[in-house]
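Peer 1:
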Amino acid sequence: MKTFKLLLILILAWNLSGCSKDESIHQKELDYIIFGSFYGECIGENCVSIYKLQGTSLFVDTRKQYPNGMSRYEGTYEILPQELYDLVADLASEVPDELLNMEPGTIGCPDCADGGGKYIEINQDGKIKAWSIDNVLNNIPESLHEFMSTLEEKIELLL
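Numbered by the working numbering, the letters in the sequence shown go through residues 5 to 163 in order.
Next comes the structure, spelled out in structure tokens:
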């Protein structure tokens, strides 16, 4: 009987050790993610490109307003074809825990040297966080480099 209890305790401990605090962040689904790029010194169609992933739909912002970095982005969205959604459907799962754990605001100096920036807004369980992020990788934490490259690739697929 003692062996059975010991075995049961070991199995329970092994199962509980399988989930770390960081893993639990991504177990929750995001209500939506707004993402895009912006360039201040720019002429043309793609100076501001903002998208919203929500549920199984992708939307594009038609206002194309430059994000001010001080408040959430207020867009006017139109739904895009399912084929475009399929190209970026996995983006929410790519958001690194390091970003989710950061305070909302500015990371680096987005668009300071006419290099543009990225905008990310996440609604997770009704809590909204937004960031304006520098495009220059040397100006942001290394833990965000891979995500920023992925984000750039996803945006390019939609342009």
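Don't be surprised by glycine CBs; every beta carbon is placed ideally from N, CA and C.
In this text, all values refer to a predicted model and were calculated from it rather than measured experimentally.
Rounding to the nearest angstrom, what Cα-Cα distance links Tyr36 and Asp118 in this structure?
Peer 2: 29 Å
Peer 1: Could you check what DSSP says for Gln69 in three-state terms: helix, strand or coil?
Peer 2: Taken through DSSP and simplified to helix, strand or coil, Gln69 comes out as coil.
Peer 1: To the nearest whole angstrom, what separates the beta carbons of Tyr81 and Lys56, a pair I think is in contact under 8 Å?
Peer 2: Indeed, because the Cβ distance is near 5 Å, the residues count as touching under 8 Å.
Peer 1: So, with DSSP's three-state summary, where would you put Thr154?
Peer 2: helix
Peer 1: Restricting to Cα atoms, I'd like to know which of Asn72, Leu104 and Pro145 is closest to Glu33.
Peer 2: Leu104
Peer 1: Helix, strand or coil for Glu78? Go by DSSP, reduced to three states.
Peer 2: coil
Peer 1: Using the C-alpha atoms, what's the distance from Asn139 back to Gly40?
Peer 2: 11 Å
Peer 1: Closest to Tyr70 by C-alpha separation, out of Thr60, Asn50 and Ser153, would be which residue?
Peer 2: Asn50
Peer 1: For Asn143 versus Gly120, is the C-beta distance shorter than 7 Å?
Peer 2: no
Peer 1: By Cβ distance, which residues of its chain are closer than 6 Å to Arg67, with the 5 residues on each side in sequence left out?
Peer 2: Gly79 and Thr80
Peer 1: Go ahead and label Glu102 buried or exposed: buried means 16 or more other beta carbons lie within 10 angstroms of its beta carbon, across all protein chains shown.
Peer 2: exposed
Peer 1: Is the beta carbon of Lys122 closer than 7 Å to that of Ile137?
Peer 2: Cβ atoms of Ile137 and Lys122: closer than 7 Å.
Peer 1: Report back the beta-carbon spacing between Val92 and Leu162 to the nearest angstrom; my notes put them in contact at under 8 Å.
Peer 2: 7 Å
Peer 1: Could you tell me which of Ala96, Glu160 and Ser153 sits nearest to Gly59, measuring between CA atoms?
Peer 2: Ala96
Peer 1: Using beta-carbon positions only, say whether Tyr77 and Glu45 come within less than 7 Å of one another.
Peer 2: no
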